[in-house]
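Peer 1: Just so we're aligned, residue 157 is where the sequence shown starts under our numbering, counting upward by one. All C-beta atoms, glycine included, are put in the ideal place defined by N, C-alpha and C. Please read all numbers here as calculations on a predicted model, not as lab measurements. Attaching a single structure in structure tokens format; questions to follow.
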Amino acid sequence: MADVLAKSFENPDDVVEFPLIRTRIVELGDLTVGELRSEPGWRWSTHVRPMVGGEWCQARHVGFVVSGRLGVDFSDGTHVELGPGDIFDIAPGHDGYTVGDESCVQIEWQGIRAWAGFPTGIHSRVLMTLLFTDLVDSTARAAELGDARWRHLLSEHFEAARVELERFGGREVTTTGDGMLATFDGPARALHCAAAIRRVAQSHGLEIRAGVHVGEVELVGEDVRGVTVHEAARITAAAAPGEILVSDMTRALAGASGLVFEDRRTLTLKGLDGEWRLAEFVAEPERIPS
């Protein structure tokens with residue numbers, strides 16, 4: 157069954173307000189969607205430009221008008237007016253405003269953060285090390301222990317994992333049911349942390365698989381997004397119980413720290429192009445890299 161993601165603007169992830177305009181934002185998987193409500197008299201150049209700068213709004217807006225009317229003046233002198241039901245793709249280099257004496261409500265799924273001066277595109281992309289962990293046979297263990305005991309054991313596992321994240325300088329991004337996604341500033345710390353989490357899990361009678369991957373990600377609030385995240389998840393899924401698998405790039409970067417790896421397999425990862433050479437991190441005596 158396909159995953160279903162659903163959120164409501166009544167419980168937004170973020171709210172951005174400028175004079176005479178309010179934006180409610182939800183993060184839905186890899187999609188950012190916003191509801192903009194601009195009041196009569198609102199104009200980007202008057203009410204937003206003083207805070208974000210620039211002569212014209214440089215965001216590309218894709219969305220549709222729910223109610224009211226939206227006027228758009230472009231830097232080349234052209235003009236459009238949009239009304240209820242109109243779907244739009246507005247190029248950068250424009251000034252928007254509310255037409256008439258009725259509020260204008262829009263839904264947008266592109267340009268929602270950029271228009272208000274949020275960092276987007278290349279400015280929000282950074283090179284980062286990702287660590288995914290996943291508990292092995294968690295469904296069977298939950299059935300064996302019962303819901304209450306399993307929830308207690310899972311809580312203990314996550315708390316122990318967070319202690320290791322703190323020790324090795326990782327940042328928890330999210331839990332994934334019975335796993336975790338964390339970021340690090342380099343692969344050596346991520347690998348030592350993965351080995352430490354594995355040892356703690358084994359002491360609780362649990363087994364994990366883990367994947368470590370280095371690549372460029374997009375920062376959206378506290379979340380990380382992009383193809384690199386999907387690649388790291390696929391690498392983790394390819395790991396056998398107890399394995400910590402890494403990509404070729406991760407191995408090359410971490411090799412400078414004297415870490416040891418063993419070739420494991422070359423795979424085609426679901427949804428990703430080409431073949432991927434994966435190696436297992438052979439845990440050495442625990443140490444925190446300098």
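Mapping DSSP to helix, strand and coil, what is L347?
Peer 2: Numbered from its first residue, the sequence shown carries residue 347 at position 191. Helix, per DSSP.
Peer 1: Tell me, please, which residues DSSP counts as bridged to F220.
Peer 2: Looking up residue 220 in the sequence shown gives position 64. Answer by DSSP bridge pairing, in chain order: I243, I263.
Peer 1: Taking the alpha carbon of Q214 as the point to measure from, which residue in P240, H250, T202, I243 has its own alpha carbon closest?
Peer 2: On the sequence shown, residue 214 is found 58 positions in, with the first residue counted as 1. Selected option, being the one with the closest Cα: H250.
Peer 1: If we call anything under 8 Å between Cβ atoms a contact, is T331 one with I268?
Peer 2: Counting from one through the sequence shown, the residue named residue 331 turns up at place 175. Counting from one through the sequence shown, the residue named residue 268 turns up at place 112. Going by C-beta atoms, T331 is not nearer than 8 Å to I268.
Peer 1: Starting from V200, trace the alpha helix (DSSP H) in both directions and tell me its first and last residue.
Peer 2: The count along the sequence shown starts at 1 and reaches residue 200 at position 44. Here residue 200 turns out to be Trp, not Val, going by the sequence shown. First-last of the alpha helix (DSSP H) with W200: 200-203.
Peer 1: Would you give the residue range spanned by the beta strand (DSSP E) that D303 belongs to?
Peer 2: Here residue 303 refers to the residue found at position 147 when the sequence shown is read from its first residue. Segment 303-323 is the alpha helix (DSSP H) holding D303; no beta strand (DSSP E) there.
Peer 1: Please state whether the Cβ-Cβ distance between A408 and L401 is less than 8 Å.
Peer 2: Within the sequence shown, the letter at position 252 stands for residue 408. Within the sequence shown, the letter at position 245 stands for residue 401. No, they are not a contact pair.
Peer 1: Going by other Cβ atoms of all chains shown within 10 Å of its Cβ, with 16 needed for buried, is H369 buried or exposed?
Peer 2: Along the sequence shown, one-based indexing puts residue 369 at 213. So H369 counts as buried.
Peer 1: Give the DSSP-derived three-state secondary structure of V171 in the structure shown.
Peer 2: Position 15 of the sequence shown holds residue 171. V171 falls in the strand class under three-state DSSP.
Peer 1: Taking the alpha carbon of S294 as the reference point, which residue from D303, E399, I263 has its own alpha carbon closest?
Peer 2: Within the sequence shown, numbered from 1, the residue matching residue 294 stands at position 138. Out of D303, E399, I263, D303 has the C-alpha closest to the C-alpha of S294.
Peer 1: Tell me whether I181 counts as near the ligand ATP, meaning its Cβ is closer than 7 Å to at least one heavy atom of that ligand.
Peer 2: Although the ligand ATP was asked about, the structure shown includes no ligands whatsoever.
Peer 1: Quick one: what's got a C-beta closer than 6 Å to T254's C-beta in the same chain, skipping five residues either side?
Peer 2: The sequence position of residue 254 within the sequence shown is 98, counting from 1. Correct list, in chain order: S194, P196, W198, C260.
Peer 1: Among V228, G398, T285, L423, which one has its Cα closest to the Cα of L375?
Peer 2: The sequence position of residue 375 within the sequence shown is 219, counting from 1. Taking only the C-alpha atoms, the option nearest L375 is T285.
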